[in-house]
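Data block below; observations after.
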Amino acid sequence: MIAKNLSQRLMDDEANFPGRATPQPQQAAQAIATAEIINLTNSPDKAPSDSPDTIADSDDGSTTIGGLVVAMSGVVNTGDTGDFGDLNCCVCGEMVFTATNRLIECSKCGALYHQECHKPAITNEEASDDQEHIWQCDNCCNKPTTSRNNTPSPLSVNVHDCAEPPCVVYKGQTHLMDVQFLGDKNNILQIETVLSAKVFGLSLPYELPEEDANVCANLLYGAICPIDKDEDVTYRLNFFVDPSFPEISADVTVTLNDGQGDPISCFIINCKIRKATSSLIENILLDAGDIKP
Numbered sequence: 001m002i003a004k005n006l007s008q009r010l011m012d013d014e015a016n017f018p019g020r021a022t023p024q025p026q027q028a029a030q031a032i033a034t035a036e037i038i039n040l041t042n043s044p045d046k047a048p049s050d051s052p053d054t055i056a057d058s059d060d061g062s063t064t065i066g067g068l069v070v071a072m073s074g075v076v077n078t079g080d081t082g083d084f085g086d087l088n089c090c091v092c093g094e095m096v097f098t099a100t101n102r103l104i105e106c107s108k109c110g111a112l113y114h115q116e117c118h119k120p121a122i123t124n125e126e127a128s129d130d131q132e133h134i135w136q137c138d139n140c141c142n143k144p145t146t147s148r149n150n151t152p153s154p155l156s157v158n159v160h161d162c163a164e165p166p167c168v169v170y171k172g173q174t175h176l177m178d179v180q181f182l183g184d185k186n187n188i189l190q191i192e193t194v195l196s197a198k199v200f201g202l203s204l205p206y207e208l209p210e211e212d213a214n215v216c217a218n219l220l221y222g223a224i225c226p227i228d229k230d231e232d233v234t235y236r237l238n239f240f241v242d243p244s245f246p247e248i249s250a251d252v253t254v255t256l257n258d259g260q261g262d263p264i265s266c267f268i269i270n271c272k273i274r275k276a277t278s279s280l281i282e283n284i285l286l287d288a289g290d291i292k293p
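Below you can see the structure in the form of structure tokens.
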């Protein structure tokens with residue numbers, strides 16, 4: 001009995017000796033071993049990254065790239081559209097679009113509309129690649145429909161020194177376009193030219209000087225305003241290419257609006273913007289009579 005008590009006391013003293021590690025209960029050790037097995041057989045937990053380039057998959061089959069959610073079903077959505085406010089539908093505020101309900105940009109005001117959100121709905125024909133560049137929303141057209149047919153093309157467009165598009169235009173130079181069109185109503189007192197250039201998929205307004213945007217002041221062959229319905233007139237557009245333009249290709253939309261902002265005629269010309277060489281500038285000045293040969 002004494003020996004047993006002494007042995008137990010020695011064991012207790014040894015266990016409590018300074019620097020001696022405290023033995024872990026068998027159950028805790030087993031839990032740790034189990035946790036290690038779980039961590040080895042499953043991916044370790046990681047905190048979500050705050051990087052905008054983070055790519056994550058969700059249970060619904062979509063993939064998140066930064067704030068953009070791309071669904072495998074062909075629908076594009078964003079979880080937070082705060083940084084893309086100007087790219088949302090101006091009616092519903094969403095960026096979601098499908099093949100049959102695309103986001104279409106008004107060529108005049110730049111607002112984006114879903115085909116189904118706009119009233120009247122934008123048809124697939126109006127949203128097609130060869131017509132969407134000229135489509136205008138109902139607010140801009142102020143007409144019951146937004147078909148391209150409601151904004152007639154000019155009878156003819158003659159871009160000087162360009163046999164057929166794409167037309168090469170030079171930075172810092174003025175290029176002439178003669179636009180032949182018909183009046184769409186009687187007693188049109190004022191007509192203004194509005195330009196926009198589609199670059200990298202974005203439609204950017206391009207303001208003309210007032211004297212060039214004034215169609216009535218630049219009518220040819222003795223025509224004057226007011227003009228009447230079906231009256232055939234020709235307008236000379238002086239198109240100055242700003243030197244700051246990049247050397248790229250751009251679709252330039254030219255719209256002739258009456259005093260109420262309603263389009264009378266509209267067309268698109270594809271341009272290749274290039275830097276003018278010194279010899280070209282000299283030839284232009286010679287043709288203009290500004291210098292003598």
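Taken in order, the sequence shown gives residues 1 to 293; the numbers are from full-length UniProt numbering.
Yeah, the Cβ is synthetic: ideal placement off N, Cα and C, and Gly gets one too.
- Task: Output the residue ranges of the beta strand (DSSP E) runs that lie fully inside the region 178-261 and measure 3 residues or longer, sorted by chain position.
- Result: Whole beta strand (DSSP E) segments, 3+ residues: 191-199, 202-206, 232-240, 249-258.
- Task: Pick out whichever of Phe245, Ala217, Leu220 has its Cα sitting closest to the Cα of Tyr206.
- Result: Reading the sequence shown from its first residue, position 206 is the one you call residue 206. Across the set Phe245, Ala217, Leu220, the C-alpha of Phe245 shows the shortest separation from the C-alpha of Tyr206.
- Grouping DSSP H, G and I as helix and E and B as strand, with all else coil, what is Asn139? For the purposes of this step, residue 139 is taken as the residue at position 139 of the sequence shown. Here Asn139 sits in helix by DSSP.
- Message: So, at 6 Å on beta carbons, what are the nonlocal neighbours of Glu126 in its own chain, with the 5 sequence-adjacent residues on each side left out?
- Response: Locating residue 126 in the sequence shown gives position 126, where the first residue counts as 1. Counting only residues of its own chain and dropping the five nearest sequence neighbours on each side, Glu126 has a CB closer than 6 Å to the CB of Trp135.
- Cβ neighbour criterion (16 or more within 10 Å) applied to Lys108: Residue numbering aside, residue 108 sits at position 108 when the sequence shown is read from its first letter. Counting the other Cβ atoms within 10 Å of the Cβ of Lys108 gives 16 or more, which makes it buried.
- Rounded to whole angstroms, how far is the Cβ of Asp184 from the Cβ of Lys119, which I believe are closer than 8 Å? Position 184 of the sequence shown, counting from 1, holds the residue named residue 184. Position 119 of the sequence shown, counting from 1, holds the residue named residue 119. Approximately 23 Å separates the beta-carbon atoms of Asp184 and Lys119; this is outside 8 Å, ruling out the contact.
- Query: If you drop the 5 nearest sequence neighbours on each side, which residues of the same chain put their C-beta closer than 7 Å to that of Cys89?
  - Reply: Counting from one through the sequence shown, the residue named residue 89 turns up at place 89. Hits under 7 Å: Leu103, Leu112, Tyr113, His114, Cys117.
- If you follow the beta strand (DSSP E) that Val157 is part of, which residue opens it and which one closes it? As a working mapping, residue 157 is identified with position 157 in the sequence shown. Per DSSP, Val157 belongs to the beta strand (DSSP E) from 156-159.
- Message: Which of the three DSSP states is assigned to Cys90 in this structure?
- Response: Taking the sequence shown and counting its residues from 1, the one referred to as residue 90 is at position 90. Coil.
- Message: Below 8 Å on the Cβ atoms is my contact criterion, and I expect Val168 with Leu237 to pass it. Report the Cβ-Cβ distance as a whole number of Å.
- Response: Your numbering for residue 168 matches position 168 in the sequence shown. Your numbering for residue 237 matches position 237 in the sequence shown. Contact doesn't hold; Cβ gap of about 17 Å is too wide.
- Kindly list the residues whose CB is nearer than 6 Å to the CB of Val252, restricted to its own chain and excluding five residues on each side of it in sequence; keep chain order. Translated into the one-based positions of the sequence shown, residue 252 becomes position 252. Beyond the five residues adjoining it in sequence on each side, Val252 comes within less than 6 Å, by CB distance, of Ala197, Ile269, Cys271 in the same chain, given in chain order.
- Of the choices Leu176, Asn187, Pro165, whose alpha-carbon is the least far from that of Leu220? For the purposes of this step, residue 220 is taken as the residue at position 220 of the sequence shown. Nearest of Leu176, Asn187, Pro165 to Leu220, Cα basis: Leu176.
- Message: For Glu105, count the other beta carbons within 10 Å of its own beta carbon; 16 or more makes it buried, fewer makes it exposed. Which is it?
- Response: For the purposes of this step, residue 105 is taken as residue 105 along the sequence shown, with counting starting at 1. Under this definition Glu105 is a buried residue.
- Roughly how far, in whole angstroms, is the beta-carbon of Leu182 from the beta-carbon of Thr193, given that I think they are within contact range, below 8 Å? The residue labelled residue 182 in the question sits at position 182 within the sequence shown. The residue labelled residue 193 in the question sits at position 193 within the sequence shown. Contact between Leu182 and Thr193 does not hold, since their C-beta atoms are separated by about 16 Å, which reaches or exceeds 8 Å.
- Query: Per DSSP, Ser125 is paired with what?
  - Reply: In the sequence shown, the residue the question calls residue 125 occupies position 125. It should be noted that the sequence gives Glu, not Ser, for residue 125. DSSP, once it has assigned bridges, lists no residue as partnering Glu125.
- Query: Who are the Cβ neighbours of Gly233 in its own chain at under 6 Å, not counting the five residues just before and after it?
  - Reply: Mapped onto the sequence shown, residue 233 falls at position 233. In the sequence on display, residue 233 carries Val and not Gly. Listed in chain order, the non-local C-beta contacts of Val233 below 6 Å within the same chain comprise Leu219, Ala223, Ile227, local neighbours out to five positions each way being set aside.
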